[in-house]
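Asks: One structure, as structure tokens, below. Some questions next.
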Amino acid sequence: MRIDMHIHTSASDGTWNPEQLVGEVKNKGIQIFALTDHDTIDNISPTRALADEAGLFFLPGIEISSTLHGHLFHILAYGTDPLDTRLQQLIKENTRLMHEKDDDSIHTLIEHGYNIDLKRYLNYENDITRGGWKALNFLIEEGICKDTNEFFGGVFNELLSQAFPTFSLPEKVIEIITGAGGIPVLAHPGVTLYNKYRLEELLEEFYHRGIQGIETFHPQHDEETRRICYEWALQKDLQITGGSDCHGDFIHYRKLGDPEIYVEQLKVDKILKKL
Ligand SMILES: [Zn+2]
Ligand SMILES: [Zn+2]
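The sequence shown runs contiguously to residue 555 in the numbering used here.
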């Protein structure tokens, strides 16, 4: 069975609504899929209903932000109880921090001489179907940057990376996920965001903090990265997962169903029990 365990919708920074997502999943011939929006479960219920109608297997998920030694890490969670109070508090707090970060980014740019009208920003209505987030879309509208690449290559590196919020420690996030009945999985350990660590070092760090799975298949993982993640997770008896990290049309190099993954290539017994 073809599977994609890492997908975003417009509830976080993707462009698709649940109808579009389920339609695309079906078109691609994917039979099992997870929705893993950043720090929100808002689209879980409607997606589950549509998946049921379409005869697809649906895995409720979420991708939770976490901070370790000043760096941002994403932790995927599968099968958590959406009504769990501590989980709800955590994602509410993370959402608040992200919104605050939007406003802080704009303030930082103004302080550094960018010609930005704060009032226009405050009145700016972000269109969620564009994907991304408010500050990014505003800066694009205002011509400060052309697109996401220019944002990350320009204003973000220069000034804004310092202003990134401090989220909860991984061990706390992991503990809340397991407390809510879910399986915590380290997302894309090989992406450049984490380059400050050697891959094996990073895996060890998270293993000692209680991670139960490693996202091994990801569009930004090369063969060597996959091999290291796979063998390491197998040796530690952890879950081995994979997905496209598709954001609809927002991030062009992450397409639904890429890489093409089949359940047999993974180790997802504990996660599939949550179906
Ligand atoms: Zn991520
Ligand atoms: Zn993601």
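Glycine included, C-beta positions come from ideal geometry on N, C-alpha and C.
Among all the DSSP beta bridges, which residues are the ones paired with S346?
Replies: F353
Asks: Does the Cβ-Cβ distance between D332 and S524 come in under 8 Å?
Replies: no
Asks: Heavy atom of ligand 1 less than 7 Å from the Cβ of D525, yes or no?
Replies: Correct: D525 has its Cβ closer than 7 Å to ligand 1.
Asks: What runs of the beta strand (DSSP E), each 3 residues or longer, lie entirely inside the region 327 to 411?
Replies: 337 to 348, 351 to 358
Asks: For M378, does the count of other Cβ atoms within 10 angstroms reach 16, so buried, or fall short, so exposed?
Replies: buried
Asks: I need the DSSP call for F431, collapsed to helix, strand or coil.
Replies: Look at F431 here: in three-state DSSP terms it is helix.
Asks: Can the beta-carbon of I457 be found less than 8 Å from the beta-carbon of T360?
Replies: yes
Asks: Ignore the nearest five residues each way along the sequence and tell me which others in K414's own chain have a CB closer than 6 Å to its CB.
Replies: D382, N406
Asks: With a 10 Å radius around its C-beta and 16 neighbouring C-beta atoms as the bar for buried, classify E343 as buried or exposed.
Replies: buried
Asks: Please return the same chain residues whose Cβ sits closer than 7 Å to the Cβ of I454, not counting the five positions on each side in sequence.
Replies: Beyond the five residues adjoining it in sequence on each side, I454 comes within less than 7 Å, by CB distance, of I355, P464, R489, G490, I491 in the same chain, given in chain order.
Asks: Tell me whether D559 is buried or exposed, calling it buried when 16 or more other Cβ atoms sit within 10 Å of its Cβ.
Replies: A question about residue 559 goes unanswered here, because the residues of the chain that appear run from 281 up to 555.
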